[in-house]
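Chains as they are written, first to last, in our numbering: chain F, 1 to 118; chain B, 119 to 236. Yeah, the Cβ is synthetic: ideal placement off N, Cα and C, and Gly gets one too. It should be emphasised that the depicted structure is a prediction, and the values quoted were computed from it without experimental measurement.
2 protein chains.
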Amino acid sequence: MAPKLRLRLTFDNGLILGPGKADLLQGIAEEGSISAAGRRMKMSYKRAWMLVEDMNAAFVSPLVESSRGGQKGGGASLTDAGEAVLAEFRSLEAMVLERGAPQIATLSAMLSDIPAQK
Amino acid sequence: MAPKLRLRLTFDNGLILGPGKADLLQGIAEEGSISAAGRRMKMSYKRAWMLVEDMNAAFVSPLVESSRGGQKGGGASLTDAGEAVLAEFRSLEAMVLERGAPQIATLSAMLSDIPAQK
DNA sequence: GATCGTTATGTTTGACAAAACATATCACTG
DNA sequence: CAGTGATATGTTTTGTCAAACATAACGATC
Numbered sequence: 001m002a003p004k005l006r007l008r009l010t011f012d013n014g015l016i017l018g019p020g021k022a023d024l025l026q027g028i029a030e031e032g033s034i035s036a037a038g039r040r041m042k043m044s045y046k047r048a049w050m051l052v053e054d055m056n057a058a059f060v061s062p063l064v065e066s067s068r069g070g071q072k073g074g075g076a077s078l079t080d081a082g083e084a085v086l087a088e089f090r091s092l093e094a095m096v097l098e099r100g101a102p103q104i105a106t107l108s109a110m111l112s113d114i115p116a117q118k
Numbered sequence: 119m120a121p122k123l124r125l126r127l128t129f130d131n132g133l134i135l136g137p138g139k140a141d142l143l144q145g146i147a148e149e150g151s152i153s154a155a156g157r158r159m160k161m162s163y164k165r166a167w168m169l170v171e172d173m174n175a176a177f178v179s180p181l182v183e184s185s186r187g188g189q190k191g192g193g194a195s196l197t198d199a200g201e202a203v204l205a206e207f208r209s210l211e212a213m214v215l216e217r218g219a220p221q222i223a224t225l226s227a228m229l230s231d232i233p234a235q236k
């Protein structure tokens with residue numbers, strides 16, 4: 001019933017931070033692997049890895065650290081910076097849903113419930 | 119210096135309301151014409167018109183009313199519903215910038231100022 | 001009734017993003 | 001030292017969205 005919110009920040013250095021990268025960070029934190037996180041959100045490993053690369057390059061300190069080889073083949077996890085970025089972004093989203101409820105409700109009330117067929 | 123914010127709402131009926139449609143509504147209000155609004159934001163008339171069609175179809179009451187012919191060829195303007203939708207969306211954006219300042223500042227401070235070349 | 005700028009659509013083309021496919025590398029373990 | 005599963009990249013193909021192009025209709029005014 002509630003509309004979905006998508007919040008996207010375009011920073012001066014070119015980084016675009018939105019739901020996709022945030023979800024990916026969260027997936028890596030929970031799965032311990034870039035490829036597992038990618039699989040979970042039905043994203044190719046290559047794409048997931050490119051997003052990680054983008055983020056790591058855009059911050060002074062990388063958000064994801066990864067290792068290759070070993071008995072499990074390797075893995076990845078969030079650095080402190082990564083955890084912080086994720087937390088701030090989620091905090092922003094939550095704040096908007098909370099404090100933006102009136103506007104969102106007003107807009108929702110004006111909508112037709114008939115989905116526009118393409 | 120300040121990052122750009124893009125807020126997008128995906129409603130249950132399929133409508134996606136973001137900066138593009140909001141700017142277009144504002145342009146129509148200020149220019150009195152879909153094509154003039156489109157020109158102003160360097161968007162083809164066709165695209166502008168399609169966005170208007172999307173919005174009009176998604177709400178119980180159309181947001182833009184238009185007329186054809188006449189000495190000036192025609193024109194378009196926002197209905198009360200259109201004005202209301204635009205106002206609510208702008209209000210949401212302003213609120214996020216205001217109350218999200220802390221999070222945005224934290225994220226900005228962590229960024230590298232070196233733009234990642236493609 | 002010719003002119004004008006706009007609304008209203010359809011069709012084709014092109015650009016770019018995402019997917020698909022294909023390897024190479026790594027390091028731990030048995 | 002062979003096997004394993006993940007990281008790390010390059011290349012090719014596909015799909016989708018936007019731009020470009022092309023017309024028709026409209027109606028007040030002169």
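With respect to Val182(B), Ala166(B) sits apart: the two C-beta atoms are not nearer than 8 Å. With a threshold of 8 Å between beta carbons, Arg40(F) makes no contact with chain B. Annotation: Val203(B) is outside any beta strand (DSSP E); the continuous alpha helix (DSSP H) that includes it extends over Asp198 to Arg217. DSSP places Val170(B) inside the alpha helix (DSSP H), whose first and last residues are Tyr163 to Ala176.
One thing to note: Phe129(B) has its Cβ within 8 Å of the Cβ of Pro3(F). The Cβ neighbour count for Met50(F), taken over all protein chains shown within 10 Å, is under 16; the residue is labelled exposed. Taking the Cα of Gly218(B) as reference, the smallest distance to any Cα among Ser44(F), Leu107(F) and Arg90(F) is reached at Arg90(F). Chain-ordered listing is empty here: chain B has no CB closer than 9 Å to the CB of Ser77(F), the nearest sitting near 18 Å.
Across the structure, Ile146(B) and Leu196(B) are spaced so that their CA atoms are roughly 7 Å apart.
With fewer than 16 other Cβ atoms inside 10 Å of its own Cβ, Val60(F) counts as exposed. Taking a Cβ-Cβ cut-off of 9 Å, the neighbours of Pro121(B) in chain F comprise Leu9, Thr10, Phe11, Asp12, Leu15 and Leu17, given in sequence order.
At a C-beta separation below 8 Å, Gln103(F) has these neighbours in chain B: Glu206, Phe207, Ser209, Leu210 and Met213.
By the rule that beta-carbons nearer than 8 Å mark a contact, Asp231(B) touches chain F.
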